[in-house]
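S.K.: Quick one: this structure, given as structure tokens, is what I'll be asking you about.
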Amino acid sequence: MVSKIVILDGYTDEPAGFGVPPYIDVYPRYIAGAIWSYDPSITIRYLTVDWAREHFEEFLKLANNSDIVIVIAGAVVPGKYLGGTPINVEELKSWFRLIDRPLKLLVGPAALYGFGNEGGGYVKALPRDVKENFDVIVTGDPDLYIYTLLKEGAEKAEPWRRWDSLEMLDKFAIKGAKIVEQHPNYGYNLIAEIETYRGCTRFVSGGCSFCVTKNYGRVLVRKPESIVREVEALYNVGVRHFRLGRQSDILVYGSRELGVEEWPRPDPSMLEKVFHGIRVVAPSLQTLHIDNVNPGTLVHHEKESIEALKVIVKYHTPGDVAALGIESVDPRVVKLNNLKVDFEGAIKAVEIVNRVGRTRGYNGLPELLPGINFVLGLPGETAETFRLNLEFLEELLKRNLLVRRINVRQVLILPATRLWDFGDKLIKKHKKLIQWFKSRVQELSRLFLERVVPRGTILRGLYVERYMPNLGVTFARQAGSYPIVAEIPCRISEKAVIDVVVYGYSGRSVRALPLPLDANKVPLSIAAKVVGKNMANKLALNRPYKNADMLKRVLGKASIYFSLHGYACTNT
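Under the working numbering, the first residue of the sequence shown carries the number 1, and numbering increases by one thereafter.
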């Protein structure tokens, strides 16, 4: 008799799906839904790996007192994260030697492919490396396996099985929505990742050489009403931030050509059903964003793509990002790896997204901008590849096209991809070129960032995430896709939602001050960052301020940054 189950969320990062805080991915929600669909009385404890690290003894006690422990893990496209640190191989090995009572399951990308390296190359560890620490490595759909395990027993539950239709999954998604109440970001900046379909839109042509998405088989599409009902269930338990990020290309959701043509034609009416439906059931949502857009779709079906983007902009919230998997604009690399667009096609894709989405929205950011993904170390790569990729970025700047963010990573070589036999020789050969390229991209990223958020831009609705005493800096960002991190030289140690004004740039982040500033207490050096030295001196000379009228009379337009009861920024 199963009565207690622990779900340990070690976080996931995949080409089409994200689960590092403040995000919660579909895995814990679907799994909880499967459990409660079988028996609503089963107690589920949902824990994050960061919580487990901080409360290790308590975690071990909870795990050993449960009947089943389910570990979700796998950063297939790993990076640096502000919100949390994914579980690593060493933790999986050492922790689960100490847990011996319950049935132990490993699920997610780690069960299928292993653990990635931030520096690319072969995976750091394969599933077999942690096999002895778990009773079952679930390589299929974890929610399907767990439901079958509970309902029919271990002998009937097949860990490699996948759904061949999504009707049951849709029910699990609704049943499992309330698990979000146990997430540490719940009630604050928690973002629910939503799945619209699974599989690669270019499955018929084999997809990109390095990608695992095609391995999920034929495309399975969720019905608009199923997606809307899931959002409604999440909204009803308090979620206010949503991202339709779990698909390889949002533009072709619901296309009749999905799984038939290499370049399915977008059907804007299907997106209308989803986005309009979400707005009806979640009227006070605060974030509605997307993620992946195939640049090839924009190029092959420009008219329909523009209409689809217009639907998204009509219903979403500003600050949205269409992540374009361009990977490389070198024609040789494009051909050898079955990529999506060439040099001119990549420029056209960026231009189309700009055409629809560059208008600035109410939160201070443009409505919808492209993000650009590069992958280094692919077959066919030469020194010329790096030159062409930089030339492409420089051309975007010349044409005054906005880009929200540029992501560069070395290819992660995973089992069951065509790159497994090719190996990591180019990553090793081009090590210095890669370092130089990343450095140059960092410089260009700052130029793009200065255009997206010029000095003086007011960004609204940022969530304070962390104060670093050693730096004297508070980090805050909006909820959404690839939010801009604001570095604030003030101590804000409590959770708060704030507005900021941008005064500078630091790598891929902005430097900003919280608004309003306390006119009577803010140091001269801090005020000068926003209004300049002369105006800051004027501010100081006329203290103390007794009312808002006096502030306006002394500072004029600059008074919008100050109040009588604002942030002092004295760091005490």
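Cβ atoms here follow ideal geometry from the backbone N, Cα and C, with glycine treated the same way.
Do Ile290 and Ile250 count as a contact pair if the criterion is CB distance below 7 Å?
M.R.: Start at 1 with the first residue of the sequence shown, and residue 250 comes out as number 250. Start at 1 with the first residue of the sequence shown, and residue 290 comes out as number 290. In contact: Ile250 and Ile290 (Cβ atoms closer than 7 Å).
S.K.: So is Trp436 buried or exposed if we call it buried at 16+ other beta carbons inside 10 Å?
M.R.: Your numbering for residue 436 matches position 436 in the sequence shown. Label assigned to Trp436: exposed.
S.K.: When you compare the CB positions of Lys340 and Pro295, do they come within less than 7 Å of one another, or not?
M.R.: Here residue 340 refers to the residue found at position 340 when the sequence shown is read from its first residue. Here residue 295 refers to the residue found at position 295 when the sequence shown is read from its first residue. In this structure, Pro295 lies closer than 7 Å to Lys340 by Cβ.
S.K.: Just mark Lys314 as buried or exposed, buried being the case when its beta carbon has 16 or more other beta carbons within 10 Å.
M.R.: For the purposes of this step, residue 314 is identified with residue 314 of the sequence shown, where counting begins at 1. Burial call: exposed.
S.K.: Please report the Cβ distance between Met535 and Ala519, rounded to the nearest whole angstrom; I am assuming they are in contact, meaning their Cβ atoms lie under 8 Å.
M.R.: What you label residue 535 is simply residue 535 of the sequence shown in a count that begins at 1. What you label residue 519 is simply residue 519 of the sequence shown in a count that begins at 1. That belief does not hold up - the Cβ atoms of Met535 and Ala519 are roughly 12 Å apart, past 8 Å.
S.K.: As a quick exercise: from Ser41, His55 and Asp39, pick the residue whose alpha carbon is nearest that of Leu8.
M.R.: For the purposes of this step, residue 8 is identified with residue 8 of the sequence shown, where counting begins at 1. For the residues Ser41, His55 and Asp39, the minimum Cα distance to Leu8 belongs to His55.
S.K.: Select from Lys546, Ala548, Tyr545 and Val502 the residue whose C-alpha is nearest the C-alpha of Ala528.
M.R.: One-based indexing of the sequence shown puts residue 528 at position 528. Of Lys546, Ala548, Tyr545 and Val502, the residue nearest in Cα terms is Val502.
S.K.: What does the alpha-carbon distance come out to for the pair Ala486 and Ser205?
M.R.: Counted from its first residue, the sequence shown places residue 486 at position 486. Counted from its first residue, the sequence shown places residue 205 at position 205. Rounded to whole angstroms, Ala486 to Ser205 spans 42 Å at the Cα level.
S.K.: To which residues of the same chain is Tyr30 closer than 7 Å at the C-beta, ignoring the five residues directly before and after it?
M.R.: Looking up residue 30 in the sequence shown gives position 30. Same-chain partners within the cutoff: Asp143, Leu169, Phe172, Ala173 and Gly176.
S.K.: Thinking C-beta only, is Pro514 closer than 7 Å to Tyr567?
M.R.: Mapped onto the sequence shown, residue 567 falls at position 567. Mapped onto the sequence shown, residue 514 falls at position 514. Yes, the pair counts as a contact, with Cβ atoms nearer than the cut-off.
S.K.: Which two residues bound the contiguous alpha helix (DSSP H) that contains His241?
M.R.: The residue labelled residue 241 in the question sits at position 241 within the sequence shown. Run containing His241: none in the alpha helix (DSSP H); it sits in the beta strand (DSSP E), His241 to Arg246.
S.K.: In angstroms with no decimal places, state the Cα-to-Cα distance between Ser506 and Ile35.
M.R.: Here residue 506 corresponds to residue number 506 of the sequence shown, with the count starting at 1. Here residue 35 corresponds to residue number 35 of the sequence shown, with the count starting at 1. Approximately 46 Å between the Cα atoms of the pair.
S.K.: Leaving out five residues before and five after Gly361 in sequence, what residues of the same chain have Cβ atoms less than 6 Å from its Cβ?
M.R.: Residue mapping note: residue 361 aligns to position 361 of the sequence shown, counting from 1. Excluding residues within five positions, the ones whose Cβ falls inside 6 Å are Pro318 and Glu367.
S.K.: May I ask you to list the residues that DSSP assigns as paired with Lys104?
M.R.: Residue numbering aside, residue 104 sits at position 104 when the sequence shown is read from its first letter. DSSP output for Lys104 lists Val69 as bridge partner(s).
S.K.: Helix, strand or coil for Tyr216? Go by DSSP, reduced to three states.
M.R.: Here residue 216 corresponds to residue number 216 of the sequence shown, with the count starting at 1. Helix.
S.K.: Within 7 Å (strictly less), CB to CB, does His316 reach chain D?
M.R.: In the displayed structure, chain D is absent; only one protein chain is listed.
S.K.: Would the segment 146-161 count as touching the segment 204-221 if we require 3 or more Cβ pairs under 8 Å?
M.R.: no
S.K.: How far does the beta strand (DSSP E) with Lys4 in it reach, from first residue to last?
M.R.: Against the sequence shown, residue 4 aligns to sequence position 4. That run of the beta strand (DSSP E) goes Lys4 to Glu14.
S.K.: Report the three-state DSSP secondary structure of Gln182 (helix, strand or coil).
M.R.: Position 182 of the sequence shown, counted from the first residue, corresponds to residue 182. In the structure shown, the three-state DSSP call for Gln182 is helix.
S.K.: Which of the three DSSP states, helix, strand or coil, is assigned to Arg573?
M.R.: With the chain running from 1 to 572 in the structure shown, residue 573 is simply not present.
S.K.: Assuming Pro86 contacts Leu190 under a Cβ cut-off of 8 Å, what Cβ separation, rounded to an integer in Å, is found between them?
M.R.: For the purposes of this step, residue 86 is taken as residue 86 along the sequence shown, with counting starting at 1. For the purposes of this step, residue 190 is taken as residue 190 along the sequence shown, with counting starting at 1. Actually they are not in contact, since the Cβ atoms of Pro86 and Leu190 sit about 18 Å apart, beyond 8 Å.
S.K.: Specify, as a first and last residue, the run of the alpha helix (DSSP H) that Gln286 falls within.
M.R.: The count along the sequence shown starts at 1 and reaches residue 286 at position 286. Per DSSP, Gln286 belongs to no alpha helix (DSSP H) and is neither H nor E.
S.K.: Given this structure, state the Cα-to-Cα distance separating Asp320 from Leu244, to the nearest angstrom.
M.R.: In the sequence shown, residue 320 corresponds to position 320, counting from 1. In the sequence shown, residue 244 corresponds to position 244, counting from 1. Taking the straight line joining both Cα atoms gives about 11 Å.
S.K.: Under 8 Å by Cβ, that's how I've got Asp141 and Leu105 pegged, so tell me the actual separation to the nearest angstrom.
M.R.: Translated into positions along the sequence shown, residue 141 becomes position 141. Translated into positions along the sequence shown, residue 105 becomes position 105. Incorrect: roughly 13 Å between the Cβ atoms, too far for contact.
S.K.: What's the C-alpha gap between Glu443 and Pro264?
M.R.: As a position in the sequence shown, residue 443 is number 443, starting the count at 1. As a position in the sequence shown, residue 264 is number 264, starting the count at 1. Computed Cα separation, rounded: 36 Å.
S.K.: Could you pull the start and end residues of the alpha helix (DSSP H) that Glu494 belongs to?
M.R.: Along the sequence shown, one-based indexing puts residue 494 at 494. Per DSSP, Glu494 belongs to no alpha helix (DSSP H) and is neither H nor E.
S.K.: Taking Gly461 as part of the beta strand (DSSP E), name the residues at either end of that continuous run.
M.R.: Position 461 of the sequence shown, counting from 1, holds the residue named residue 461. Unbroken beta strand (DSSP E) run through Gly461: Ile458 to Met468.
S.K.: What separation, rounded to the nearest whole angstrom, lies between the Cα atoms of Asn400 and Tyr545?
M.R.: As a first step, residue 400 must be located in the sequence shown, where it is residue number 400. As a first step, residue 545 must be located in the sequence shown, where it is residue number 545. The straight-line gap separating the alpha-carbon atoms of Asn400 and Tyr545 is approximately 43 Å.
S.K.: Short of 6 Å in beta carbon distance, which residues of its chain neighbour Gly259, apart from the five on each side in sequence? Order them along the chain.
M.R.: Indexing the sequence shown from 1 puts residue 259 at position 259. Here the set comprises Arg218 and Val219.
S.K.: Determine the DSSP secondary structure at Asn578, reduced to helix, strand or coil.
M.R.: The structure shown does not extend to residue 578, since the chain is modelled only from 1 through 572, so no value can be given for it.
S.K.: How about Ala349 and Leu324: are their beta carbons less than 7 Å apart?
M.R.: Working through the sequence shown from its first residue, we reach residue 349 at position 349. Working through the sequence shown from its first residue, we reach residue 324 at position 324. Yes, they are a contact pair.
S.K.: Within 10 angstroms of the Cβ of Pro266, are there 16 or more other Cβ atoms? Answer buried if so, exposed if not.
M.R.: Here the question's residue 266 lines up with position 266 in the sequence shown. By the neighbour-count rule (16 or more Cβ atoms within 10 Å), Pro266 is buried.
S.K.: Are Tyr11 and Gly19 touching if we call contact CB-CB under 7 Å?
M.R.: Locating residue 11 in the sequence shown gives position 11, where the first residue counts as 1. Locating residue 19 in the sequence shown gives position 19, where the first residue counts as 1. Against a cut-off of 7 Å, the Cβ pair of Gly19 and Tyr11 comes out as a contact.
S.K.: Report yes or no: do three or more beta-carbon pairs, one from the segment 416-436 and one from the segment 118-130, lie closer than 8 Å?
M.R.: Under the three-pair Cβ rule at 8 Å, the segment 416-436 counts as touching the segment 118-130.
S.K.: Taking 7 Å as the cut-off, decide whether the C-beta atoms of Ile413 and Leu419 are in contact.
M.R.: Taking the first residue of the sequence shown as position 1, residue 413 is located at position 413. Taking the first residue of the sequence shown as position 1, residue 419 is located at position 419. For Ile413 and Leu419, yes; Cβs fall inside 7 Å.
S.K.: Quick check on Gly176: does DSSP put it in helix, strand or coil?
M.R.: The residue labelled residue 176 in the question sits at position 176 within the sequence shown. Coil, per DSSP.
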